[in-house]
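As given, the protein sequences belong to chains A and B, one line each in that order. With my numbering applied, the first sequence closes on residue 216, and no number is skipped along the way. With my numbering applied, the second sequence closes on residue 1216, and no number is skipped along the way. See below for the structure under consideration.
There are 2 protein chains.
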Amino acid sequence: MYKGKYPKIPEATIKRLSIYLRCLKKLEEEGNIVVSSQNLADTCCVNSTQIRKDLSYFGEFGTRGVGYNIKTLQEDIKKILGLDTTWNMILVGFGNLGKALLHYKGFHESGYKWVGVFDNDKDLIGQKVFDNLYVEDFKKLDNKKIKEINPDFAVITTPPDVAQDVVNKLILLGIKYFLNFAPTKIKVPDNILLKNVFIIAEFDNLVYNISKIENK
Amino acid sequence: MYKGKYPKIPEATIKRLSIYLRCLKKLEEEGNIVVSSQNLADTCCVNSTQIRKDLSYFGEFGTRGVGYNIKTLQEDIKKILGLDTTWNMILVGFGNLGKALLHYKGFHESGYKWVGVFDNDKDLIGQKVFDNLYVEDFKKLDNKKIKEINPDFAVITTPPDVAQDVVNKLILLGIKYFLNFAPTKIKVPDNILLKNVFIIAEFDNLVYNISKIENK
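Okay, structure coming up:
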């Protein structure tokens, strides 16, 4: 594996690495030690040329005629993605989507850890999320609390009309990285990284493909 | 606007068209009639060259020095995406993510319509989703019901371990198009189109970018 700085990698490659990682995990759980490109491709529902191309950005992996060692390749992909360490996350917005994300089982094993959940709804504040995590009042979130829980990034699942204000406050509290699920575009300064996850775009993309097939 | 068949369009372009469409909607709601590429770019948080490039796949839009007519460009993008018609959707899996999708306000105005919600949990079956929509027993879903509600595609928000069986049954009932949110890869025959929405990949992508910036 290449140890230096990587060249500019397509975002689609990074997203597929996430998929390969979870497919490798599944193959490991099924008792496999080694996997061929073709078998990994079948498990991930992509083609094997794509896997080889994606991995080639990062150096040489696997052994010709043998395949990839499942454990090693997982470790290598984790290093590439930055998942060889723990990531502390806070969530703002304890609605249905927030709950869905909090209870997603894949986070823990990938090094993600929820360290705070916030909302401004009095009926939600105080509700238990996990054994040692309760919904807290977003209005009361301050520098002291941030220092205590030390989040690496914030996940925004608030209604769209309050998302910008929430992000503004978090930036003032020193948060630099955001994943925004609220269906609105949020403006941030150049030194802040905010990624939007725009779920309706997935629906539009499916419908675009159906339209082409069906000539609807 | 080009009326014939489009060439192969990058998936990222299609996803950005979804974003442009919602930004145009917002600009219209704010009382605007015309928007320059630059203003549209600012609203969508992309650069204006990207917008012009994305639109150029589909013909000529806007007037040099004036900009885009907001109403016309929305209609054109809707036509491109296939959103100039109604799309009937069923949802299987009435958990947190399912509820979040069902209550997402943007669907209705984009031509999407929920025509059925199914689960296999006795405690959930019979629950009211909307005024005229109740959670129904997935086991009882049959050809008669499908004919009655006429879904264009199915949205899967079940736990991963049952997602493949759910899709298999729906394929037998004649469903050809799927959007899968269950964090597992589902195998489908060649004549079936299934798109996976792999939410943890969005987290991985953010973390990859943070790692590069922070050298963490």
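Where is the CB? At the ideal position from N, CA and C, for every residue including glycine. Treat the numbers as computed from the prediction; the structure is a model and nothing was measured.
Taking 8 Å as the cut-off, the Cβ atoms of B/Val-1197 and B/Asn-1180 count as close.
Contact annotation: A/Gly-111 and A/Trp-87 have beta-carbon atoms nearer than 8 Å. DSSP places B/Asn-1096 in the helix class (H, G or I) of the three-state scheme. Uninterrupted alpha helix (DSSP H) stretches at least 4 residues long and entirely within the segment 1102-1190 of chain B occur at 1106-1109, 1143-1149, 1160-1172, given in chain order. In this structure A/Ser-18 is buried. Its beta-carbon is surrounded by 16 or more other beta-carbon atoms within 10 angstroms. Excluding residues up to 5 positions away in sequence, Pro-1160, Phe-1198, Ile-1200 lie with their Cβ nearer than 7 Å to the Cβ of B/Pro-1183 in the same chain.
Of the other Cβ atoms in all chains shown, 16 or more fall within 10 Å of the Cβ of A/Ile-156; this residue is therefore buried.
For the 8 Å CB-CB criterion, A/Asn-120 and B/His-1103 do not form a contact. The C-beta of B/Asn-1205 has 16 or more other C-beta atoms within 10 Å across all chains shown, which makes the residue buried.
Taking a beta-carbon distance threshold of 8 Å, B/Glu-1202 counts as an interface residue toward chain A. Cβ atoms of B/Ser-1036 and B/Gly-1059 stay farther apart than 8 Å, at about 19 Å.
Taking 9 Å as the upper bound on Cβ-Cβ separation, chain A lies near residues Asp-1152 of the segment 1130-1152 of chain B. Neighbourhood of A/Ser-18 in chain B, by CB distance below 8 Å: Phe-1198, Ile-1200, Ala-1201, Asp-1204, Asn-1205, in chain order. B/Val-1117 is a Cβ neighbour of B/Glu-1136, given a cutoff of 8 Å. B/Leu-1055 is positioned such that its CB atom lies no closer than 8 Å to that of B/Leu-1024.
Within the DSSP bridge table, the entry for A/Val-66 names no partner. Put simply, the CB of B/Ile-1213 is near chain A, with a gap under 8 Å to one of its CB atoms. The beta carbon of B/Ile-1014 is closer than 8 Å to those of Leu-1081 in its chain, skipping five residues each way along the sequence. Within chain A, the C-beta atoms nearer than 7 Å to that of B/Glu-1011 come from Asn-205, in chain order. Residues are counted here when their Cβ sits less than 9 Å from a Cβ of chain A; for the segment 1102-1114 of chain B these are Leu-1102, His-1103, Tyr-1104, Lys-1105, Gly-1106, Phe-1107, Ser-1110, Gly-1111, Tyr-1112, given in chain order.
Secondary structure remark: continuous beta strand (DSSP E) runs of at least 3 residues inside the segment 1036-1093 of chain B, in chain order: 1087-1092. Taking B/Arg-1016 as the centre and dropping the five residues before and after it, the same chain places the C-beta of Asp-1054 closer than 6 Å to its C-beta, in chain order.
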